Ligand SMILES: [Zn+2]
């Protein structure tokens with residue numbers, strides 16, 4: 147295996163692991179929000195280390211997993227979409243183009 151493809155497969159495995167952690171965070175939130183946050187933290191650590199792009203499925207400020215209607219409120223106006231974390235009120239804007 148060449149160096150590049152080996153590095154790529156490590157990245158793939160890391161991404162799988164990070165996405166699984168996000169899934170676990172979603173499943174755990176109701177029972178144990180603290181543990182859920184810990185899973186998000188771990189996923190972010192893996193993503194940072196391997197420079198993987200993660201879906202915006204969690205709050206960047208408080209590491210809460212986003213569950214629409216429960217931890218996330220979405221506001222859509224004509225110019226932008228607002229993603230509001232219901233735990234810490236952190237708001238992320240996405241401009242519609
Ligand atoms: Zn938050």
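Numbering (the working numbering), first residue to last: 147 to 243.
Where a beta carbon is used, it is the ideal one built from N, C-alpha and C, also for glycine.
Just so it is clear, the structure is predicted and the values come from calculations on it, not from any experiment.
Secondary structure of residue 233 (DSSP, three-state): coil. In this structure, DSSP gives residue 197 a state outside helix and strand, which the three-state scheme calls coil.
Taking 8 Å as the upper bound for CB-CB distance, residue 232 and residue 217 are in contact here, some 5 Å apart. Taking the Cα of residue 173 as reference, the smallest distance to any Cα among 163, 185, 153 is reached at 185.
No residue range can be given for residue 207, since it is assigned to no beta strand (DSSP E) and is classified by DSSP as neither H nor E. Straight through space, the alpha carbons of residue 203 and residue 156 are spaced by roughly 23 Å. Ordered along the chain, residues surrounding ligand 1 are 205, 207, 208, 210, 231, 233, 234, 236 [Cβ under 6 Å from any heavy atom].
If you look at residue 219, you'll find it in the beta strand (DSSP E) that goes 218–222. Counting C-beta atoms within 10 angstroms of its own C-beta, residue 166 has fewer than 16 neighbours from the protein chains shown and is therefore classed as exposed.
If you draw a straight line from the Cα of residue 236 to the Cα of residue 221, it comes to about 13 Å.
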